[in-house]
Amino acid sequence: MSRKIVFEAILLLLIFASIWGIFALFPIFPDKTAFSVSVSAEEKLGKLMLDNILSDPEYRQISILELDSALAVINKRLTDAIGLTDYDYKICIIDNADINAFAIPGGTLLVTAPLIAMSDSPEELTAVLAHEMAHIEKRHVLTKVIKEFTLALVMSDNAVLSEASRSLLSTAFDRHQEEEADRLSLEWLERAGVNPRILGTFFRRLKDEVGMYDPRFTILSTHPHINSRIKAAFEYDPAENFSEIKFEIDWERIKNILDNYCK
Amino acid sequence: MNSEPSGYYPVPQPDEIGIREKEDAMGAYLMMFATLAVGLPLPIINLVAAFIYLYLNRKTSRFVHFHALQSLYSQIPVTLLNAGMIIWLIIILVNDFNFTSEFKGYTIMVGVANLIYFIFSLIAAAKARKGLFYYFIFFGRLAYHRAYMIHSGPKEVAVNKPPTL
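Taken in sequence, the protein lines are chains A and B. For the first sequence, position 30 matches number 728 in my numbering, and the numbering has no gaps at all. For the second sequence, position 13 matches number 14 in my numbering, and the numbering has no gaps at all.
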């Protein structure tokens, strides 16, 4: 009797362990959930989320001709450096007290006015935008949104879209995703003729001038592990024939126009 | 036809089992489905309910006791597998959202286990209603062993004694 019980227990364990092992070794689902979502679906989702964010009076979109022209030049330089891409990148400036830059599914990048005010040159802003574009290209943003949607559904949260949109503004990517985005953006900056080390310089200057614990300083809380990332940017070694091509943008004038607009 | 193994009580035939016993035996399986929904997403409540059901019916009859035990025993691994999946899912969601192939394989295995448990429980409930036995692999033998084995050891008789003066 007991021998039969033991035999059947072992048999059951073997059957279920085999099912687990077979389906783990020969997966029938795609590896990355985010990559199974089409770009057009991602763009539609992005539009919904952008509308949701912009419906908040604290996130008013700013449209100034000179600033938009400058951003178009930066955008063109970066997208040329990226090469073939599924996304049609758009950059929006937001009037908000936080110092922040973040990406929305589908290729829209939002930058707050104080972040532009804190940047010394268009190259510094380019470095931040390159990093956000890398998050889009690697589908980190979409992955984060799917994660928030799933969590909200598991927790039976009613305001799913709103919660997921807000998460883009305030939650961080994981360390692996940040490192991947940094690596990619440093390569793009080099190709775009922007000194890649400027990413490290900008983050270090922000950290030193404003400090990590300023509540407005959202960009550092949403981009953790800052010290190791600054170090990685400084250690990046561009090719020997790399030559920097400065933007022909009067950055101080742009900042003044923006400053006057926000007042 | 199998004869009774020695050291075990004889199993009753359908016409020897009362209608109330048959319904109680069926209830041991059906109760799980009702409590399963209450216990989601961490399905522990159904396990607690199974223990309570077993406790309440432990003295009614061996037939009911067997079915309640079989239902409980088969439910323990399924519950643990489900709980494991939920915990693993939460860990993935709060960390890197990386659904590994190990997790996907585990999810399929848990799905198969739940499906088998569901089908076999329904069959067992229907059989129990007719006063029949239905032995699950492993769990059936274990439940039969527990419910029908004759405990032949000397019974300790409690003796009252006066206090030492």
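For glycine and all other residues, C-beta sits at the position ideal for the given N, C-alpha and C. Predicted model only: the values in this text are computed from it and were never measured.
Residue burial classification, residue i (beta-carbon count within 10 angstroms, cutoff 16)
i, result
"B/Leu57", "exposed"
"B/Arg142", "buried"
"B/Asn96", "exposed"
"B/Asp25", "buried"
"A/Thr783", "exposed"
"A/Asp906", "exposed"
"B/Thr165", "exposed"
"A/Asp796", "buried"
"B/His152", "exposed"
"A/Pro812", "buried"
"B/Ser7", "exposed"
"A/Arg927", "buried"
"A/Ser753", "exposed"
"B/Tyr10", "exposed"
"B/Met33", "buried"
"B/Asn161", "exposed"
"A/Ser817", "buried"
"B/Val79", "buried"
"A/Ser716", "exposed"
"B/Ser72", "buried"
"B/Leu82", "buried"
"A/Lys842", "buried"
"B/Ser122", "buried"
"B/Ala148", "buried"
Residues of its chain near residue i, where Cβ-Cβ distance is below 6 angstroms and the 5 sequence neighbours each way are ignored
i, result
"A/Val839", "Ala801, Pro803 and His833"
"A/Glu821", "Val892 and Ile896"
"A/Leu882", "Ala832"
"A/Gln875", "His838"
"A/Leu748", "Ile802 and Thr806"
Whole-Å CB distance - residue i paired with residue j, under 8 angstroms assumed
i, j, result
"B/Gly106", "A/Gly719", "7 angstroms"
"A/Ala890", "A/His829", "The pair is not a contact, with the Cβ atoms about 13 angstroms apart (cut-off 8 angstroms)."
"B/Lys128", "B/Tyr135", "4 angstroms"
"B/Phe67", "B/Tyr145", "6 angstroms"
"A/Ser860", "A/Asn750", "6 angstroms"
Beta-carbon contacts of residue i that lie in its chain and below 8 angstroms, excluding the five residues immediately before and after
i, result
"A/Ala815", "Lys953, Leu956 and Asp957"
"B/Met2", "For B/Met2, the pLDDT reaches just 49, beneath the cut-off of 50, and the residue's location in the model is therefore unreliable, leaving the point undetermined."
"B/Val65", "Glu22, Asp25, Ala26, Ala29 and Asn58"
"A/Leu827", "Ile772, Asn773, Leu776, Ile789, Ala799, Leu807 and Val809"
"A/Lys929", "Gly898"
"A/Leu887", "Ala779, Thr824, Ala825, Ala828, Asn893, Pro894, Ile896 and Leu897"
"A/Ala937", "Glu888"
"A/Gly744", "Ile802, Pro803, Gly804, Gly805 and Thr806"
"B/Ile124", "Tyr135"
Residue j beta carbon less than 9 angstroms from that of residue i
i, j, result
"B/Phe100", "A/Ala707", "no"
"A/Ser819", "A/Phe901", "no"
"B/Gln76", "B/Leu48", "yes"
"B/Met86", "B/Val113", "no"
"A/Arg758", "A/Asn794", "yes"
"A/Gly781", "A/Glu741", "no"
"B/Ser102", "A/Phe714", "no"
"A/Tyr785", "A/Val737", "yes"
"B/Leu55", "B/Ala35", "no"
"B/Phe104", "B/Leu90", "yes"
"B/Ile109", "B/Ser62", "no"
"B/Lys131", "B/Pro13", "no"
"B/Ile20", "B/Ala84", "no"
Other residues of its chain near residue i: CB distance less than 7 angstroms, five sequence neighbours each side excluded
i, result
"B/Ala126", "Met27, Tyr30 and Leu31"
"A/Ile768", "In the sequence as displayed, the identity of residue 768 of chain A is Ala instead of Ile. Closer than 7 angstroms at the Cβ level, and outside the excluded window around A/Ala768, lie Pro820, Ile947 and Ile952."
"A/Leu765", "Ile791, Ile952, Ile955 and Leu956"
"A/Tyr959", "Ile760 and Ile762"
"B/Gly150", "Note on residue identity: the sequence assigns Met, not Gly, to residue 150 of chain B. These residues qualify, in order along the chain: Gly8 and Tyr9."
"B/Ala50", "Met32 and Thr36"
Partners in chain E for residue i, counting only beta-carbon separations shorter than 7 angstroms
i, result
"A/Ile717", "Among the chains of the structure shown, chain E does not appear; the protein chains present are A and B."
- prompt: Taking Cβ-Cβ distances below 8 angstroms as the criterion, which residues of the region 132-146 of chain B are in contact with chain A?
  reply: Against chain A - using a Cβ distance shorter than 8 angstroms - the residues of the region 132-146 of chain B are Ile138, Phe139, Arg142, Leu143 and His146.
task: Taking only beta carbons into account, state which residues of the region 111-131 of chain B come closer than 8 angstroms to chain A, listed in chain order.
output: Only those residues of the region 111-131 of chain B whose C-beta falls short of 8 angstroms from the nearest C-beta of chain A are listed: Val113 and Ala114.
- prompt: the region 825-848 of chain A: which residues have C-beta closer than 8 angstroms to a C-beta of chain B, in chain order?
  reply: So the list reads Thr841, Lys842, Ile844, Lys845 and Thr848, given in the order they occur along the chain.
field: Contact residues within the region 878-902 of chain A, judged by C-beta distance below 9 angstroms to chain B
entry: Taking 9 angstroms as the Cβ-Cβ cut-off against chain B, none of the residues of the region 878-902 of chain A qualify.
task: Could you run through the region 94-108 of chain B and flag, in chain order, every residue whose CB is less than 9 angstroms away from some CB of chain A?
output: Those residues of the region 94-108 of chain B that come within reach of chain A (Cβ to Cβ, closer than 9 angstroms) are Leu94, Val95, Asn96, Asp97, Phe98, Asn99, Phe100, Thr101, Ser102, Glu103, Phe104, Lys105, Gly106, Tyr107 and Thr108.
field: the region 702-713 of chain A: positions lying closer than 8 angstroms to chain B by Cβ
entry: If the cut-off is 8 angstroms between Cβ atoms, the region 702-713 of chain A has Lys702, Ile703, Glu706, Ala707, Leu709 and Leu710 near chain B.
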